[in-house]
Amino acid sequence: MYDSEFLALLVGSYRRLTGESMIPKSVRADVDMAHWLYHEAPFGILVHDTSPEPRFVYANRAAQSFFECGRDDMVGMTSAMSAPEGNREARREFMDGVTKHGYRTGYTGIRRALTGRLFWIEDVTVWNLVDEAATVHGQAALIPRVRPA
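Start counting the sequence shown at 1; every next residue gets the next number (UniProt numbering).
Next comes the structure, spelled out in structure tokens:
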């Protein structure tokens, strides 16, 4: 589904920036990690690219369920569209802080599912996807909790 280079970038940049692992110690091989992150992780993972209007390039099953859609609906969508119009400025300010500092934690904001239902994402960590050469390839979000709005 996703290659080992993408997986290393996602998992490695999170570990380098936060000092924590998002993968349980019992999951070792790249194939197992990719499967666990996509199918079994108890948290949502969203990744967007570095284009001028960033677009989602990855959404695990948990994130898809939060947004009430499938992979093909999420991937390619402009990431700013995940927030209702009135909440996009707060989202942008938080994301600017991520760009400046490498990562931020504790974000809470309202989101709109593709069905129109509003919900809260809570205690989100967002980080830059940075490779070993310090090149930024996008940003990722780990969403541990959601609740109805």
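We put the CB at the ideal spot given by N, CA and C, even for glycine.
If you compare alpha carbons, which of M95, A149, L118, R55 is closest to G106? For G106, the nearest C-alpha among the options comes from M95.
Who are the Cβ neighbours of A41 in its own chain at under 7 Å, not counting the five residues just before and after it? Result list for A41: N60, A62, in chain order.
How big is the Cα-Cα spacing for H137 and H35? The C-alpha of H35 is placed about 22 Å away from the C-alpha of H137.
For S79 and I110, the rounded distance between their alpha carbons: Cα atoms of I110 and S79: separation of roughly 14 Å, rounded to the nearest angstrom.
What's the C-alpha gap between Y58 and A133? Distance between the alpha carbons of Y58 and A133 is about 22 Å.
Entirely within the segment 86-111 and at least 4 residues each: give me those alpha helix (DSSP H) ranges in chain order. Correct list: 88-101.
Comparing C-alpha positions only, which one of Q64, R112, G70 sits nearest to E85? The shortest C-alpha separation from E85 is found at R112.
Assign D123 to one of three DSSP states: helix, strand, or coil. Residue state, collapsed to three classes: strand.
Return helix, strand or coil for R71, following the three-state DSSP convention. It is helical.
Could you tell me the distance, in whole angstroms, from the CA atom of E5 to the CA atom of D131? Cα-Cα distance, rounded: 10 Å.
Pick from T18, S13, Q139: whose alpha carbon is nearest that of R92? The closest CA to that of R92, considering only T18, S13, Q139, is found on Q139.
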